[in-house]
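Chemist: Protein chains in written order, with UniProt numbering: chain A, 1 to 531; chain B, 1 to 455.
Using N, Cα and C, we set each Cβ at its ideal position, and we do this for glycine too.
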Amino acid sequence: MTEVITDPTLPILHGPSDKEKKYDRQLRLWAASGQQALEDAHILLVNSGSGTVGVETLKNLVLPGIGKFTIADENMVDQADLGVNFFLDEDCLGKPRSECCVRLLQELNPDVKGDWFPKNKDEAIEQLFDGTIKFTMLLYTTPIARTRMELLQEYGQKHSVPVIAVHSAGFYSYFRISLPANFPIVDTHPDSTATTDLRLLTPWEELSNFAASLTGNMESLSAHEHGHIPYVALLLHYLAEWKQTHGSFPSTYKEKTAFRSTVAAGARTDTPEGEEENFDEAVAAILKTVSSPSISSSVREMFNYTPNEMESTSSFWIIADAIKQFYKKHNALPLPGSVPDMKAQSTVYVQLQNIYKAKARQDVAEVLGTVRSHPMGKNIDSAEIESFCKNAAFIKLIRGSEPSEASPANIKVLAEREFENDSHAPLTAIPLSLFPIYLSLSATTSLPTSNVSDIIDTIKNTLPDAASTPRIIEAAEEVARANGGELHNISALTGGMVAQEVIKIITRQYIPIDNTCIFDGITSRMQVLRI
Amino acid sequence: MSQPIMVSGTISAAMPIPAKRWTYLNNVLQNPGPFTNPDYDANEVADRMSNMKLLGAGGLGCEILKNLALSGFKDIHVIDMDTIDVSNLNRQFLFRHSDVGKSKAEVAAKFVEKRVKGVKITPYNCKIQDFDDAFYLQFQMVVCGLDSIEARRWINSTLVNLVDMENPESLKPLIDGGTEGFKGQSRVIFPTLTSCIECQLDMHAPRAAVPLCTLATIPRQPEHCIEWAHIIAWEQEKPFPKLDNDDPEHITWLYKKALGRAAEFNITGVTYSLTQGVVKNIIPAIASTNAIIAASCCNEAFKIATSTNPSLGPEDNYMMYSGNDSIYTYTFKHEKKPDCPVCGNLARDLEVDPTLTLDEFIQSLAVRPEAQLKKPSIRSEAKTLYMQSPESLRLKTAPNLEKKVGDLVVDGEEIGVSDPSLGSVDFKYKLKFSKLFTTATNAAAEKANGNGTTA
Numbered sequence: 001m002t003e004v005i006t007d008p009t010l011p012i013l014h015g016p017s018d019k020e021k022k023y024d025r026q027l028r029l030w031a032a033s034g035q036q037a038l039e040d041a042h043i044l045l046v047n048s049g050s051g052t053v054g055v056e057t058l059k060n061l062v063l064p065g066i067g068k069f070t071i072a073d074e075n076m077v078d079q080a081d082l083g084v085n086f087f088l089d090e091d092c093l094g095k096p097r098s099e100c101c102v103r104l105l106q107e108l109n110p111d112v113k114g115d116w117f118p119k120n121k122d123e124a125i126e127q128l129f130d131g132t133i134k135f136t137m138l139l140y141t142t143p144i145a146r147t148r149m150e151l152l153q154e155y156g157q158k159h160s161v162p163v164i165a166v167h168s169a170g171f172y173s174y175f176r177i178s179l180p181a182n183f184p185i186v187d188t189h190p191d192s193t194a195t196t197d198l199r200l201l202t203p204w205e206e207l208s209n210f211a212a213s214l215t216g217n218m219e220s221l222s223a224h225e226h227g228h229i230p231y232v233a234l235l236l237h238y239l240a241e242w243k244q245t246h247g248s249f250p251s252t253y254k255e256k257t258a259f260r261s262t263v264a265a266g267a268r269t270d271t272p273e274g275e276e277e278n279f280d281e282a283v284a285a286i287l288k289t290v291s292s293p294s295i296s297s298s299v300r301e302m303f304n305y306t307p308n309e310m311e312s313t314s315s316f317w318i319i320a321d322a323i324k325q326f327y328k329k330h331n332a333l334p335l336p337g338s339v340p341d342m343k344a345q346s347t348v349y350v351q352l353q354n355i356y357k358a359k360a361r362q363d364v365a366e367v368l369g370t371v372r373s374h375p376m377g378k379n380i381d382s383a384e385i386e387s388f389c390k391n392a393a394f395i396k397l398i399r400g401s402e403p404s405e406a407s408p409a410n411i412k413v414l415a416e417r418e419f420e421n422d423s424h425a426p427l428t429a430i431p432l433s434l435f436p437i438y439l440s441l442s443a444t445t446s447l448p449t450s451n452v453s454d455i456i457d458t459i460k461n462t463l464p465d466a467a468s469t470p471r472i473i474e475a476a477e478e479v480a481r482a483n484g485g486e487l488h489n490i491s492a493l494t495g496g497m498v499a500q501e502v503i504k505i506i507t508r509q510y511i512p513i514d515n516t517c518i519f520d521g522i523t524s525r526m527q528v529l530r531i
Numbered sequence: 001m002s003q004p005i006m007v008s009g010t011i012s013a014a015m016p017i018p019a020k021r022w023t024y025l026n027n028v029l030q031n032p033g034p035f036t037n038p039d040y041d042a043n044e045v046a047d048r049m050s051n052m053k054l055l056g057a058g059g060l061g062c063e064i065l066k067n068l069a070l071s072g073f074k075d076i077h078v079i080d081m082d083t084i085d086v087s088n089l090n091r092q093f094l095f096r097h098s099d100v101g102k103s104k105a106e107v108a109a110k111f112v113e114k115r116v117k118g119v120k121i122t123p124y125n126c127k128i129q130d131f132d133d134a135f136y137l138q139f140q141m142v143v144c145g146l147d148s149i150e151a152r153r154w155i156n157s158t159l160v161n162l163v164d165m166e167n168p169e170s171l172k173p174l175i176d177g178g179t180e181g182f183k184g185q186s187r188v189i190f191p192t193l194t195s196c197i198e199c200q201l202d203m204h205a206p207r208a209a210v211p212l213c214t215l216a217t218i219p220r221q222p223e224h225c226i227e228w229a230h231i232i233a234w235e236q237e238k239p240f241p242k243l244d245n246d247d248p249e250h251i252t253w254l255y256k257k258a259l260g261r262a263a264e265f266n267i268t269g270v271t272y273s274l275t276q277g278v279v280k281n282i283i284p285a286i287a288s289t290n291a292i293i294a295a296s297c298c299n300e301a302f303k304i305a306t307s308t309n310p311s312l313g314p315e316d317n318y319m320m321y322s323g324n325d326s327i328y329t330y331t332f333k334h335e336k337k338p339d340c341p342v343c344g345n346l347a348r349d350l351e352v353d354p355t356l357t358l359d360e361f362i363q364s365l366a367v368r369p370e371a372q373l374k375k376p377s378i379r380s381e382a383k384t385l386y387m388q389s390p391e392s393l394r395l396k397t398a399p400n401l402e403k404k405v406g407d408l409v410v411d412g413e414e415i416g417v418s419d420p421s422l423g424s425v426d427f428k429y430k431l432k433f434s435k436l437f438t439t440a441t442n443a444a445a446e447k448a449n450g451n452g453t454t455a
């Protein structure tokens with residue numbers, strides 16, 4: 001007789017699927033949820049000029065498996081294209097650039113759909129924006145006419161779609177992202193070293209009891225047991241002692257240093273190594289983990305923000321409000337519940353993990369209760385609430401951007417601030433502002449072949465002193481030198497950066513820029529500015 | 001400064017390629033900019049470019065070949081010992097599903113030669129270590145995005161040792177790039193003149209290994225269970241003659257073992273993907289980050305080759321890039337170290353416990369961030385202490401492994417530590433004993449003489 005036992009709790013022991021194999025190296029960064037978001041996306045590139053930076057961006061999105069992309073481009077392939085654009089070959093000469101680039105990009109990944117526009121001479125790119133196609137994101141490159149730019153930005157606002165403008169010429173580039181509305185991110189992927197939250201100054205009963213049970217009679221413990229008390233328990237033990245003798249927990253740097261010596265003195269030295277690893281870990285953890293709870297400026301910003309009518313019905317803001325109530329009540333965010341690895345017996349460590357997990361679940365339950373009592377909170381996925389609670393300390397809110405290029409008034413304020421900073425550069429050793437590069441490039445948005453005096457004249461419209469600022473003159477000279485042409489390396493690099501940002505926005509993971517990134521290929525520097 | 005001055009001279013193209021093809025490159029090649037050296041000579045640059053021979057290598061190879069070909073370089077050589085794996089297809093854009101199993105160097109070279117007319121690409125399907133100095137001497141520059149620190153150290157020490165002060169041609173700029181997830185770095189090295197990869201080694205500290213006793217007796221993390229299966233269970237049970245990290249059957253065996261171990265200790269989180277990640281030490285990699293770093297490297301190569309603008313190197317020489325939280329970059333000058341084991345000549349002080357055995361001392365070198373030597377050979381001023389090869393010398397010196405450091409060298413003595421697998425990496429350490437030490441012979445002599453004087 002054979003007996004077939006199937007245990008549904010056992011994981012299925014099969015290897016990865018073909019798709020998981022192909023995308024293995026990126027699934028480790030954004031997981032299946034991020035991949036799904038990419039595969040659901042449709043990106044439009046409105047291409048022009050020397051035409052490379054947008055195509056390089058798409059290459060970096062086709063490879064990881066974006067759902068669909070469309071290139072709108074009225075140009076026919078000419079000789080100069082072949083010297084800068086890798087996704088064209090000699091057979092393409094004289095043919096529509098949009099179609100040729102789509103064909104060669106699609107070769108990179110058979111899972112991705114590609115389309116182009118216009119299909120014939122009678123079609124105008126403007127037809128794409130009648131609202132029949134729902135794009136996830138719009139990308140346009142320069143040169144571009146003001147009317148077309150406004151049409152794209154309008155579409156973005158109307159359909160709540162992010163718009164990215166990219167400008168690459170010679171050794172310089174910049175790109176600017178207009179997010180149509182406030183953009184909250186839960187899954188920000190903070191560095192693992194930043195996420196430890198052990199609540200050592202506000203332990204709850206189960207944690208205190210457990211720690212006390214491990215440190216009750218430390219002197220009588222065997223060498224093995226003593227050397228395996230997890231550092232969380234050690235710190236709770238010495239903190240309680242410290243509070244008894246000092247009246248309060250160590251809070252200043254000086255007190256913490258003294259507390260460190262106290263903990264270190266507790267280690268036994270009659271071991272073969274002359275020290276104990278768990279005590280070393282405890283000492284090393286003091287400065288980071290023995291601190292009162294405080295919330296980051298971005299969480300504070302989220303709490304202080306009053307969502308508008310449309311936003312307030314979204315699950316994000318309903319959960320955010322529940323978290324805010326939780327914080328008001330407990331003066332702490334929900335516990336994330338993870339415990340870093342530390343020297344300990346396996347069973348003790350797992351018990352400790354479970355105590356933290358149980359508390360985290362309890363906090364989630366409380367937030368869930370608040371969410372459910374909200375008139376629109378009935379159908380919010382509990383997994384979303386759980387994830388919000390776990391990441392609460394690292395939630396990020398990026399404010400939406402004005403759709404069009406920055407107003408002259410803003411440019412003036414920014415220029416003053418940046419040049420003021422530059423005047424202190426010899427003292428502060430902070431690199432010089434790249435704002436002059438932005439000013440010079442954007443002065444050529446509609447006329448890429450502008451000469452130096454054209455560029456300076458355009459900048460003068462908003463900054464009358466431009467002609468007397470050497471940094472602006474140098475940037476204008478460098479831009480004029482390129483005569484509107486791209487250098488492949490600069491466009492490849494910029495296309496990489498834009499693709500990273502597109503991925504972050506589509507997957508809603510990691511943190512995108514706010515809102516403009518300027519690149520200087522001469523000094524190999526980047527600067528992010530909100531313009 | 002006024003308008004850029006027009007000067008003649010273009011990149012020479014093979015006959016059928018019209019000059020108009022290089023319109024955009026020529027914009028910057030023919031017009032010096034405000035930061036271009038005043039001595040710039042467009043004709044001379046065009047000549048130089050047409051005679052340049054560059055070498056590319058490593059995981060960023062696809063990007064590097066594309067970028068160099070479209071930067072106007074005509075003679076590019078590429079070394080890659082790897083064959084194409086399905087997990088490369090999410091970023092190494094010259095490879096298709098039908099290419100899986102073929103040589104990376106050959107497929108990539110063929111593709112770029114076909115796409116960009118007029119460029120010659122020579123592939124080598126082997127290791128960078130397979131070539132001698134004469135081979136490396138033929139190139140003007142080396143651009144690489146190698147995936148191991150060992151390979152980087154090898155090419156670095158090789159290029160540093162190639163430098164002959166009498167022959168300026170022997171100095172080959174090395175441009176190196178590397179990525180991990182949304183982060184990466186690019187750096188420019190002028191061998192012997194600027195900080196080299198070995199000077200910068202402590203920027204890439206090795207990850208702390210989990211102690212064996214944790215794996216064996218007190219696992220706490222899913223990774224501990226996987227390492228246990230990998231290091232301990234596999235050795236005990238030998239389910240297959242030799243572990244092949246790329247064989248799904250082998251990984252599945254380890255995965256099942258790790259799962260069982262995890263269940264025994266109530267540990268959660270062992271998955272197939274994590275098992276594979278731990279066993280193969282997988283680093284996440286995406287197309288966009290590779291594009292950023294490879295293009296940064298090639299932009300520097302272009303500037304060095306053409307002098308169209310100042311490059312990284314003499315001053316700032318290192319760019320760090322991080323895209324996790326907004327975009328953060330830091331471009332700075334990494335200083336050359338006078339006690340660098342490759343490009344310096346000073347010995348560095350090293351405090352050592354003289355009661356350690358030579359074997360324990362050697363093991364401690366593996367985890368020192370500035371050393372990271374896994375198979376070093378060691379000699380003192382007076383004699384060879386331990387040699388990894390040839391086998392006859394290894395056998396002859398092996399008995400020293402059990403001896404105490406204090407019995408082999410004296411306090412303050414200089415030792416040389418080298419690792420041939422890394423090229424000419426040669427550490428000079430001046431040993432400082434951390435405690436008083438009485439050598440075995442002296443102890444015996446003292447006993448015999450009945451006094452405390454030492455020789």
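Is it buried or exposed for Lys22 (chain A), if we count other Cβ within 10 angstroms and need 16 for buried?
Modeler: buried
Chemist: Considering only residues of the same chain and omitting the five flanking positions on each side of Ala499 (chain A), which have a CB-CB separation below 6 Å?
Modeler: Thr57, Asn60 and Leu61
Chemist: Excluding the 5 residues flanking Pro190 (chain A) on each side, which residues of the same chain have their C-beta closer than 7 Å to its C-beta?
Modeler: These residues qualify, in order along the chain: Phe394.
Chemist: Against chain B, which members of the region 190-224 of chain A pass a CB distance test of less than 9 Å?
Modeler: Pro190 and Asp191
Chemist: Looking at the C-beta of Ile286 (chain B), does it have a partner C-beta in chain A at a distance below 7 Å?
Modeler: yes
Chemist: Mind checking if Gln153 (chain A) is an interface residue toward chain B, Cβ cutoff 7 Å exclusive?
Modeler: no
Chemist: May I ask you to report which of helix, strand or coil DSSP gives Met302 (chain A)?
Modeler: helix
Chemist: In terms of DSSP beta bridges, what is Met141 (chain B) paired with?
Modeler: B:Leu54
Chemist: Quick one: any contact between the region 41-56 of chain A and the region 262-282 of chain B, if contact means 3 or more CB pairs under 8 Å?
Modeler: no
Chemist: What is the DSSP secondary structure of Glu180 (chain B), reduced to helix, strand or coil?
Modeler: strand
Chemist: Please list the partners that Leu29 (chain A) has in chain B, where partner means a Cβ-to-Cβ separation under 8 Å.
Modeler: Gly181, Phe182, Pro284 and Ile286
Chemist: Using beta-carbon positions only, say whether Trp228 (chain B) and Leu215 (chain B) come within less than 7 Å of one another.
Modeler: yes
Chemist: On the criterion of 16 or more Cβ atoms from any shown chain inside 10 Å, does Arg21 (chain B) qualify as buried, or is it exposed?
Modeler: Buried, since its Cβ has 16 or more Cβ neighbours within 10 Å.
Chemist: Report the neighbours of Met319 (chain B) on chain A: residues whose CB is nearer than 7 Å to its CB, in chain order.
Modeler: Ser524
Chemist: Any chance the region 286-296 of chain B sits against the region 453-464 of chain A, with 3 or more Cβ pairs inside 8 Å?
Modeler: Segments in contact, no.
Chemist: Closer than 8 Å, Cβ to any Cβ of chain A: which residues of the region 247-279 of chain B, in chain order?
Modeler: Pro248, Ile251, Thr252, Tyr255, Lys256, Leu259, Phe265, Asn266, Ile267, Thr271, Tyr272, Ser273, Gln276 and Gly277
Chemist: Residues of the region 32-55 of chain A in Cβ contact with chain B at a cutoff of 7 Å, in chain order, please.
Modeler: Residues Ser50.
Chemist: Measure the alpha-carbon distance for Ile456 (chain A) versus Ser442 (chain A) and round it to whole angstroms.
Modeler: The alpha-carbon atoms of Ile456 (chain A) and Ser442 (chain A) are separated by roughly 11 Å.
Chemist: If I'm right that Pro250 (chain A) touches Val283 (chain A) with Cβ under 8 Å, what's the distance once you round it to whole angstroms?
Modeler: The Cβ separation is near 13 Å, so there is no contact.
Chemist: Decide if Asp80 (chain B) is buried, meaning its Cβ has at least 16 other Cβ atoms within 10 Å, or exposed.
Modeler: buried
Chemist: Take Leu54 (chain B) as the anchor and find which of B:Gly323, B:Gly177, B:Thr122 and B:Val410 has the nearest alpha-carbon.
Modeler: The shortest Cα separation from Leu54 (chain B) among B:Gly323, B:Gly177, B:Thr122 and B:Val410 belongs to B:Thr122.
Chemist: Would you check if the distance between the CB atom of Ser186 (chain B) and the CB atom of Ser296 (chain B) is smaller than 7 Å?
Modeler: yes
Chemist: Do Leu422 (chain B) and Leu350 (chain B) have their C-beta atoms closer together than 7 Å?
Modeler: no
Chemist: On a CA-only basis, which of B:Gln138, B:Gly101, B:His224 and B:Pro239 is nearest Ala263 (chain B)? Give me that one, please.
Modeler: B:His224
Chemist: For a contact meaning CB atoms closer than 7 Å, what does Val86 (chain B) contact in chain A?
Modeler: Lys21 and Lys22
Chemist: Within its chain, find whatever has a CB closer than 7 Å to the CB of Asp7 (chain A); leave out the 5 residues flanking it on each side and keep chain order.
Modeler: Caution is warranted here: a pLDDT of 46 is assigned to Asp7 (chain A), below 50, making its placement in the model unreliable, and the coordinate value is therefore given only provisionally. Hits under 7 Å: none found.
Chemist: Considering only residues of the same chain and omitting the five flanking positions on each side of Gly131 (chain A), which have a CB-CB separation below 6 Å?
Modeler: none
Chemist: Touching or not, the region 247-263 of chain A and the region 354-373 of chain A, by the rule of three or more beta carbon pairs under 8 Å?
Modeler: no
Chemist: Since Ala233 (chain A) is in the alpha helix (DSSP H), which residue starts that stretch and which ends it?
Modeler: Tyr231 to His246
Chemist: Starting from Phe427 (chain B) and walking both ways along the beta strand (DSSP E), at which residues does that stretch end?
Modeler: Asp426 to Phe433
Chemist: Report all residues from its chain with a CB closer than 8 Å to the CB of Thr2 (chain A); omit the five preceding and five following residues, and keep chain order.
Modeler: With a pLDDT of 42 at Thr2 (chain A), under the threshold of 50, the modelled position of that residue is not reliable, and the figure given next carries that caveat. Same-chain partners within the cutoff: there are none.
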